[in-house]
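Written out below as structure tokens is the structure these notes cover.
Protein chains: 4
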Amino acid sequence: MLKALCMRLAHLGLSAHFVFDMTTPPITSKDLLVASAGPGGFSTVDAICSVARSHGGRVLLLTAQPETGSSVRHANVVAYVAAQTMADDGGGEKSRTLLPMGSVYEGAMFVLFEMVVFKLGEVLGESPEAIRARHTNLE
Amino acid sequence: MLKALCMRLAHLGLSAHFVFDMTTPPITSKDLLVASAGPGGFSTVDAICSVARSHGGRVLLLTAQPETGSSVRHANVVAYVAAQTMADDGGGEKSRTLLPMGSVYEGAMFVLFEMVVFKLGEVLGESPEAIRARHTNLE
Amino acid sequence: MLKALCMRLAHLGLSAHFVFDMTTPPITSKDLLVASAGPGGFSTVDAICSVARSHGGRVLLLTAQPETGSSVRHANVVAYVAAQTMADDGGGEKSRTLLPMGSVYEGAMFVLFEMVVFKLGEVLGESPEAIRARHTNLE
Amino acid sequence: MLKALCMRLAHLGLSAHFVFDMTTPPITSKDLLVASAGPGGFSTVDAICSVARSHGGRVLLLTAQPETGSSVRHANVVAYVAAQTMADDGGGEKSRTLLPMGSVYEGAMFVLFEMVVFKLGEVLGESPEAIRARHTNLE
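Protein chains in written order, with the working numbering: chain A, 1 to 139; chain B, 140 to 278; chain C, 279 to 417; chain D, 418 to 556.
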């Protein structure tokens, strides 16, 4: 879902980059890192957030576990996405749930990001034509 | 969304591979290629579907434009996802829609794939524990 | 190897983008697509080159098979990399070669791209400090 | 270069997976993680190596800085690749070197991996035909 968000931020004309893409520049104190750790912490998320902070970047962490997660320590701001993740899906109990593991969290992020991008487009005054024109034709 | 589907099919214990991943084997007549072209056709989707067919693979195409799309030609089976895409979102007209471009189509695929994976888990008799145990710890 | 080239072009301060990365903009008549098809043609390379041309982009194709490859048709300029690829490695004969399949071609591209980037840095007058400062710290 | 190695290990019929690919399974005590940190340490490499160790996996680290790097701490075995990296390329001094930053290290890994794959193919008794037949046709 972060990949989709990144693409849509670029459509808005913002200087957005996906970590691990080839042309991602170094993070500076002018940048915001948007990270997600549904269950509260992943070692790689902790690592990237820590590097971002040490270079002066600000970190927004999306998580369903704002109390207990290790990644929260690295965040300037925490966005609490109240949704089931692998941390509290019953750990593989016998009865099947319709949306197991992190699926509810992923769906919640999909809706959240669409809302954020809509509001952001309004604030930036970007027309639908301008947004559409930034979508790649190499697909 | 196809990446998420691929991961969940692997969680079910199926031999699933994502095109362009490093370890994806050649497609054979025993394999099914699941492709998606919301607006009906992309040159790269056409190319991959065509290669798959020429090696005997079967092709399932998801699209919102089953009548007019170029990718339909390459499919053995077409799944019609009745949702707005870039092909019919108004082409960038003045009024902003809440879910522009291909967002509705993406959301529809999210829901569809969750349903497919749920049903498939039932058919295969895979327990939640078994599914969860196949999720990578390298994250 | 194209991924490495793309990163180094971005290090030089050029507006370089990798096809399929999240933030890649549409190609225009001001852009050059650098593509590679060692054995002369791949369906996906043909597809991307064709799209690039239809939007006015120029296409540089690297190949070891400039006479017979399908991708050559789509190129404005062809760079002939005289190296063994899967097209002429003996097709899997019994005796093992030290560098099988496309390995020689990959190695040749590595050397070629380093030379191109070195010359380009000279022409652009980019200092080693400036180049290094563009390398991402998010790793 | 690790991506190329991973593909070639899969060509040899080994159960090889690239970290962050969609279908990568959890690491277990039967697995070997091959990691690379030319300058000695990256936060993400440290993170992945640490996770691998905590699940019983063995870690082989390739580095040009076996004495000072942070990633060495996480490795069971260290392979010393004696080549210039960003840690000792002069830090961006005025005079341009032909192979700046990590280019020598990348080239050294290219040669090393080809040699490893050649030897491994010999040991495993994999014929060129068998190796070639595992190369994907979806490209």
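Heads up, the beta-carbon is just placed ideally off N, CA and C, and yes, glycines get one too. In this text the structure is predicted, and so the values were computed from the model without any measurement.
How about residue 69 of chain A and residue 37 of chain A: do their beta carbons lie closer than 7 Å? By 1-based counting over the first sequence, the position of residue 69 of chain A is 69. By 1-based counting over the first sequence, the position of residue 37 of chain A is 37. Yes, the Cβ-Cβ distance between residue 69 of chain A and residue 37 of chain A is below 7 Å.
May I ask you to check if the CB of residue 295 of chain C is nearer than 6 Å to at least one heavy atom of the ligand ZN? This structure lacks the ligand ZN; in fact it carries no ligand of any kind.
Specify the secondary structure class of residue 44 of chain A as computed by DSSP and reduced to three states. Start at 1 with the first residue of the first sequence, and residue 44 of chain A comes out as number 44. Here residue 44 of chain A sits in helix by DSSP.
DSSP beta-bridge partners for residue 197 of chain B? Your numbering for residue 197 of chain B matches position 58 in the second sequence. Residue pairing by DSSP puts residue 197 of chain B in a beta bridge opposite B:171.
Taking CB distances under 7 Å as the criterion, tell me whether residue 493 of chain D reaches chain B. To locate residue 493 of chain D, count along the fourth sequence from 1; it is residue 76. Proximity of residue 493 of chain D to chain B, defined by a Cβ-Cβ separation below 7 Å, is not satisfied.
Three-state secondary structure (DSSP) of residue 217 of chain B: As a working note, residue 217 of chain B is residue 78 in the second sequence. For residue 217 of chain B, the secondary structure class from DSSP, reduced to helix, strand or coil, is strand.
Run the CB neighbour count on residue 515 of chain D, radius 10 Å, all protein chains shown included, and call it buried at 16 or more, exposed below. Looking up residue 515 of chain D in the fourth sequence gives position 98. Answer is exposed; the Cβ neighbour count stays below 16.
Residue from C:280, C:405, C:290 and C:286 whose Cα sits closest to the Cα of residue 339 of chain C: Here residue 339 of chain C corresponds to residue number 61 of the third sequence, with the count starting at 1. Nearest neighbour of residue 339 of chain C by Cα position, chosen from C:280, C:405, C:290 and C:286, turns out to be C:280.
Reference residue 404 of chain C, options C:394, C:284, C:282 and C:291, closest by Cα: Within the third sequence, numbered from 1, the residue matching residue 404 of chain C stands at position 126. By alpha-carbon distance to residue 404 of chain C, the top candidate from C:394, C:284, C:282 and C:291 is C:291.
Of the choices B:245, B:277, B:168 and B:161, whose alpha-carbon is the least far from that of residue 222 of chain B? Numbered from 1 along the second sequence, position 83 holds the residue referred to as residue 222 of chain B. Cα-wise, what sits closest to residue 222 of chain B is B:245.
Contact residues within the stretch 429-463 of chain D, judged by C-beta distance below 7 Å to chain A: Using a CB distance below 7 Å, the part of the stretch 429-463 of chain D facing chain A consists of 460, 461 and 463, ordered along the chain.
Between A:117, A:54, A:31 and A:103, which has its C-alpha nearest residue 150 of chain A's C-alpha? What is shown of chain A runs 1 to 139, which leaves residue 150 of chain A out entirely.
4-residue-minimum alpha helix (DSSP H) runs that sit fully inside the stretch 483-554 of chain D, ordered along the chain: 520-541 and 545-550, all fully within the stretch 483-554 of chain D.
From the beta carbon of residue 468 of chain D, is the nearest beta carbon of chain B less than 7 Å away? Residue 468 of chain D sits at position 51 when you count from the first residue of the fourth sequence. Contact of residue 468 of chain D with chain B is assigned, a C-beta pair being separated by under 7 Å.
At the level of alpha carbons, what is the spacing between residue 484 of chain D and residue 129 of chain A? As a first step, residue 484 of chain D must be located in the fourth sequence, where it is residue number 67. As a first step, residue 129 of chain A must be located in the first sequence, where it is residue number 129. Approximately 55 Å between the Cα atoms of the pair.
Where the alpha helix (DSSP H) through residue 140 of chain B begins and ends: For this step, residue 140 of chain B is matched to residue 1 along the second sequence. In this chain, residue 140 of chain B is not harboured by any alpha helix (DSSP H), its DSSP state being neither H nor E.
Chain C contact for residue 535 of chain D (CB, 7 Å cutoff): The residue you call residue 535 of chain D lines up with position 118 of the fourth sequence. Yes - at least one Cβ of chain C is within 7 Å of the one on residue 535 of chain D.
Around the C-beta of residue 399 of chain C, are 16 or more other C-beta atoms found within 10 angstroms, so that it is buried, or is it exposed? Taking the third sequence and counting its residues from 1, one reaches residue 399 of chain C at position 121. Residue environment for residue 399 of chain C: buried (at least 16 other C-beta atoms within 10 angstroms of its C-beta).
Is the Cβ of residue 484 of chain D closer than 7 Å to any Cβ of chain C? Residue 484 of chain D sits at position 67 when you count from the first residue of the fourth sequence. Under the 7 Å criterion on CB atoms, residue 484 of chain D is classed as non-interfacial with respect to chain C.
Alpha carbon of residue 27 of chain A to alpha carbon of residue 423 of chain D, nearest angstrom: Position 27 of the first sequence holds residue 27 of chain A. Position 6 of the fourth sequence holds residue 423 of chain D. Rounded to whole angstroms, residue 27 of chain A to residue 423 of chain D spans 29 Å at the Cα level.
Would you report the Cα separation of residue 149 of chain A and residue 100 of chain A, rounded to the nearest angstrom? As displayed, chain A neither begins before 1 nor continues past 139, which places residue 149 of chain A out of reach and without an answer.
Output yes if chain F places a C-beta closer than 7 Å to the C-beta of residue 424 of chain D; else output no. The structure shown contains no chain F; its protein chains are A, B, C and D.
Can you check whether the CB of residue 329 of chain C is closer than 7 Å to the CB of residue 313 of chain C? The count along the third sequence starts at 1 and reaches residue 313 of chain C at position 35. The count along the third sequence starts at 1 and reaches residue 329 of chain C at position 51. No, they are not a contact pair.
Against chain A, with Cβ distances strictly below 7 Å, would residue 288 of chain C count as a contact? Sequence index remark: in the third sequence, residue 288 of chain C carries index 10 (1-based). It does: the Cβ of residue 288 of chain C has a partner Cβ on chain A nearer than 7 Å.
Strand pairing of residue 202 of chain B, partner residues [DSSP]: As a working mapping, residue 202 of chain B is identified with position 63 in the second sequence. By DSSP's assignment, residue 202 of chain B forms a beta bridge with B:219.
Once DSSP output is grouped into helix, strand and coil, what is the label at residue 434 of chain D? As a position in the fourth sequence, residue 434 of chain D is number 17, starting the count at 1. Under the three-state reduction of DSSP, residue 434 of chain D is assigned to coil, being neither helix nor strand.
Compute the distance between the beta-carbons of residue 335 of chain C and residue 311 of chain C, then report whether it is under 7 Å. Translated into the one-based positions of the third sequence, residue 335 of chain C becomes position 57. Translated into the one-based positions of the third sequence, residue 311 of chain C becomes position 33. A Cβ-Cβ contact shorter than 7 Å links residue 335 of chain C with residue 311 of chain C.
Look up residue 52 of chain A in the DSSP assignment and say whether it is helix, strand or coil. Taking the first sequence and counting its residues from 1, the one referred to as residue 52 of chain A is at position 52. Residue 52 of chain A: helix per DSSP, three-state reduction.
Label residue 272 of chain B either buried or exposed according to how many other C-beta atoms from any shown protein chain fall within 10 Å of its C-beta, with 16 as the threshold for buried. Taking the second sequence and counting its residues from 1, the one referred to as residue 272 of chain B is at position 133. It is exposed - the Cβ of residue 272 of chain B has fewer than 16 other Cβ atoms within 10 Å.
Minimum Cβ-Cβ distance from residue 277 of chain B to chain D less than 7 Å: Counted from its first residue, the second sequence places residue 277 of chain B at position 138. Yes - at least one Cβ of chain D is within 7 Å of the one on residue 277 of chain B.
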